[in-house]
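To convert a position in the sequence shown, counted from 1, into this note's numbering, add 4.
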Amino acid sequence: MYTIKTMNKISEKGLAVLPDDRFSVSDDATEPDAILVRSAKLHDMEFPSSLKAIARAGAGVNNIPIDRCSDSGIVVFNTPGANANSVKELVIAGLLLASRGIHQGLSWVESSAGAENLSELVETEKKRFAGTEIMGKTIGVIGLGAIGVIVSNAADALGMQVIGYDPYISIDSAWGLSRAVQRADSLEYLLEKSDYVTVHVPLTDNTKGMIDKDKIAGMKAGARLLNFSRGGLVDEAALVAALDAGKLSWYVTDFPNSTVAGHEKVIGVPHLGASTEEAEENCAVMAAQQLRMFLEHGIIHNSVNFPDCQLRPVDAQRIMIANRNIPNMVGQITTILAQHSINILDLLNRHRGDLAYNLIDIEGDLTEDAMNQIAAIDGVIFVRSTQSSG
């Protein structure tokens, strides 16, 4: 029986992935095997020695201490793409809000609701809220992951000219991208050519403040900037200065704060990107599936700190070993197994940066002594085993 601690309210569809005969799920577990979380901040949480994994039902992992988890051998999962359609639809709404004076017009109607001649006022005042169409305009999409790809394809379907920039685009993303999307060789080229710019990259030390004073200076005069990824991607002091100077027409963000909220050229959305019933269900289901596959079979998929390692479950005992990515680790492990007359049926070794991970299917008597010997190898982070089944 595996114990799962929930740190937020999790969709029932997600919890249904974890059957009662194999998993105990509660919000008060003290020694959980895994944590299922949405937005709760875990940086100050003391993790029990029992903790093997954390799954974030969402894409961002800013609320999880990744380095500490890696040092402790805790595998951290996220759910890229599970909320992609929800975010895409809000981006399209953001494009229209930045173009048509919709929210300004709505505010005016609300403030004028008591006027007896409102219908006449509408006809005389509507010119104040006139806008521009997005069809035929150029949109630059920074980051072509799960969300960036479908935003690009949707913009293309709406008749926009699409420029995409992502020097690290995956093969899967490339397959899903419309052939009409133009590839930018540099971020500077995309910014120079785009009437609209939408950002879809994770917030890291390398991307923090990536849209800075210099990048904004290279943007097209009157361009509109959309940020439905993370607030920290934009240098907001430089942004406000550009809005005040008329260099940028509008900023639409899902991450309003005291710096930008209330500015006449800022449309602040209260972090609604993934706030749909469907997105919450999709994220919960994916996160729960990833935890189940890891705990039951050692399979890692969509981890942010450990390598993907997927070996088809078979009817055999399986050893899962995490270690520092240093020479001769596999040789030392297999030598110990051989000394204990354990036959290796299959072995998969993957690495990611300083970390490596192994799945080994075996036949033979895996004793506690053999496990302890493997655990004692210098550089091994954790060893555990399970009876896998096909």
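Note that beta-carbon positions come from the ideal geometry of N, C-alpha and C, so glycine has one too. All figures in this text were calculated on a predicted structure; none of them were measured in a lab.
**Request:** Measure the alpha-carbon distance for residue 98 versus residue 355 and round it to whole angstroms.
**Result:** Within the sequence shown, numbered from 1, the residue matching residue 98 stands at position 94. Within the sequence shown, numbered from 1, the residue matching residue 355 stands at position 351. C-alpha separation (whole angstroms): 40 Å.
**Asked** Three or more beta-carbon pairs under 8 Å between the region 136-146 and the region 155-164, yes or no?
**Response** Taking 8 Å as the limit for Cβ pairs, the verdict is that the region 155-164 does touch the region 136-146.
**Request:** Verify whether the separation of the beta carbon atoms of residue 7 and residue 31 is less than 7 Å.
**Result:** Translated into the one-based positions of the sequence shown, residue 7 becomes position 3. Translated into the one-based positions of the sequence shown, residue 31 becomes position 27. The answer is no: Cβ separation not under 7 Å.
**Asked** If we call anything under 7 Å between Cβ atoms a contact, is residue 258 one with residue 298?
**Response** Within the sequence shown, numbered from 1, the residue matching residue 258 stands at position 254. Within the sequence shown, numbered from 1, the residue matching residue 298 stands at position 294. It is not a contact, given that the beta carbons lie outside the stated cut-off.
**Request:** Count the other C-beta atoms from every protein chain shown that fall within 10 angstroms of the C-beta of residue 276, then say buried if there are 16 or more, exposed otherwise.
**Result:** Sequence index remark: in the sequence shown, residue 276 carries index 272 (1-based). Flag for residue 276 reads exposed.
**Message:** Taking 7 Å as the threshold (C-beta atoms), are residue 289 and residue 85 in contact?
**Reply:** As a first step, residue 85 must be located in the sequence shown, where it is residue number 81. As a first step, residue 289 must be located in the sequence shown, where it is residue number 285. No, the pair does not count as a contact, with Cβ atoms beyond the cut-off.
**Same chain, Cβ closer than 7 Å to residue 91, neighbours up to 5 away in sequence not counted** = On the sequence shown, residue 91 is found 87 positions in, with the first residue counted as 1. Closer than 7 Å at the Cβ level, and outside the excluded window around residue 91, lie 151, 232, 277, 278.
**Message:** For residue 216 and residue 168, what's the separation of their Cα atoms in angstroms?
**Reply:** In the sequence shown, the residue the question calls residue 216 occupies position 212. In the sequence shown, the residue the question calls residue 168 occupies position 164. About 19 Å.
**Asked** Between the beta-carbon of residue 311 and the beta-carbon of residue 361, is there less than 7 Å?
**Response** Position 307 of the sequence shown, counted from the start, is the residue given in the question as residue 311. Position 357 of the sequence shown, counted from the start, is the residue given in the question as residue 361. Yes, they are a contact pair.
**Prompt:** Where do the ends of the alpha helix (DSSP H) carrying residue 298 lie?
**Reply:** Counted from its first residue, the sequence shown places residue 298 at position 294. Counting along the chain, the unbroken alpha helix (DSSP H) around residue 298 starts and ends at 281-301.
**Asked** If we ignore side chains and look at the alpha-carbon of each, how far apart do residue 225 and residue 197 end up?
**Response** To locate residue 225, count along the sequence shown from 1; it is residue 221. To locate residue 197, count along the sequence shown from 1; it is residue 193. Taking the straight line from one Cα to the other gives about 10 Å.
**Helix, strand or coil at residue 211 according to DSSP, with G and I counted as helix** = Within the sequence shown, residue 211 is the residue found at index 207, counting from 1. Residue 211 falls in the coil class under three-state DSSP.
**Prompt:** Short check: CB of residue 380 to CB of residue 344, under 7 Å?
**Reply:** The count along the sequence shown starts at 1 and reaches residue 380 at position 376. The count along the sequence shown starts at 1 and reaches residue 344 at position 340. Cβ distance not < 7 Å, so residue 380 and residue 344 don't count as in contact.
**Item:** For residue 261, the three-state DSSP class (helix, strand or coil)
**Value:** Indexing the sequence shown from 1 puts residue 261 at position 257. The three-state reading of DSSP puts residue 261 in coil, since its state is none of H, G, I, E or B.
**Message:** For residue 126 and residue 137, I'd like the C-alpha separation in whole angstroms.
**Reply:** In the sequence shown, residue 126 corresponds to position 122, counting from 1. In the sequence shown, residue 137 corresponds to position 133, counting from 1. Straight-line Cα distance between these residues: approximately 21 Å.
**Asked** Based on the DSSP secondary-structure assignment, which residues constitute the bridge partners of residue 231?
**Response** Against the sequence shown, residue 231 aligns to sequence position 227. Paired residues: 203, 257.
**Item:** Endpoints, alpha helix (DSSP H) assigned at residue 346
**Value:** Numbered from 1 along the sequence shown, position 342 holds the residue referred to as residue 346. Element bounds for residue 346: n/a, residue is neither H nor E.
**Asked** So, is residue 240 buried or exposed, given that buried needs 16 or more other C-beta atoms within 10 angstroms?
**Response** For the purposes of this step, residue 240 is taken as the residue at position 236 of the sequence shown. Of the residues assessed, residue 240 falls on the buried side of the cut-off, its CB having 16 or more other CB atoms within 10 angstroms.
**Item:** Nearest to residue 174 (by Cα), restricted to the options 192, 159, 158, 153
**Value:** Taking the first residue of the sequence shown as 1, we reach residue 174 at position 170. The alpha carbon of residue 174 has as its nearest neighbour, out of 192, 159, 158, 153, the alpha carbon of 153.
**Prompt:** Under 7 Å between the Cβ atoms of residue 158 and residue 106?
**Reply:** Residue 158 sits at position 154 when you count from the first residue of the sequence shown. Residue 106 sits at position 102 when you count from the first residue of the sequence shown. Result no, Cβ atoms of residue 158 and residue 106 do not sit closer than 7 Å.
**Asked** How would you label residue 121, buried or exposed, when you count the other beta carbons within 10 angstroms and need 16 or more for buried?
**Response** Position 117 of the sequence shown holds residue 121. Residue environment for residue 121: exposed (fewer than 16 other C-beta atoms within 10 angstroms of its C-beta).
**Request:** Just mark residue 69 as buried or exposed, buried being the case when its beta carbon has 16 or more other beta carbons within 10 Å.
**Result:** Along the sequence shown, read from residue 1 onward, the residue named residue 69 stands at position 65. In the assembly as shown, residue 69 is a buried residue. Its beta-carbon has 16 or more other beta-carbons within 10 Å.
**Asked** Just how far apart, CA to CA, sit residue 194 and residue 223?
**Response** Numbered from its first residue, the sequence shown carries residue 194 at position 190. Numbered from its first residue, the sequence shown carries residue 223 at position 219. Computed Cα separation, rounded: 8 Å.
**Prompt:** For residue 18, which of helix, strand or coil comes out of DSSP?
**Reply:** Stepping through the sequence shown from its first residue, residue 18 is reached at position 14. For residue 18, the three-state secondary structure derived from DSSP is helix.
**Prompt:** Are residue 211 and residue 237 closer than 7 Å when you measure CB to CB?
**Reply:** One-based indexing of the sequence shown puts residue 211 at position 207. One-based indexing of the sequence shown puts residue 237 at position 233. The Cβ atoms of residue 211 and residue 237 lie closer than 7 Å to each other.
**Asked** Below 8 Å, can you find three or more Cβ-Cβ pairs linking the region 333-352 to the region 364-374?
**Response** Taking a cut-off of 8 Å for Cβ pairs, the region 333-352 and the region 364-374 touch, as three or more such pairs fall below it.
**Message:** Among the candidates 55, 66, 63, 89, whose CA atom is the shortest distance from the CA of residue 78?
**Reply:** On the sequence shown, residue 78 is found 74 positions in, with the first residue counted as 1. Across the set 55, 66, 63, 89, the C-alpha of 55 shows the shortest separation from the C-alpha of residue 78.
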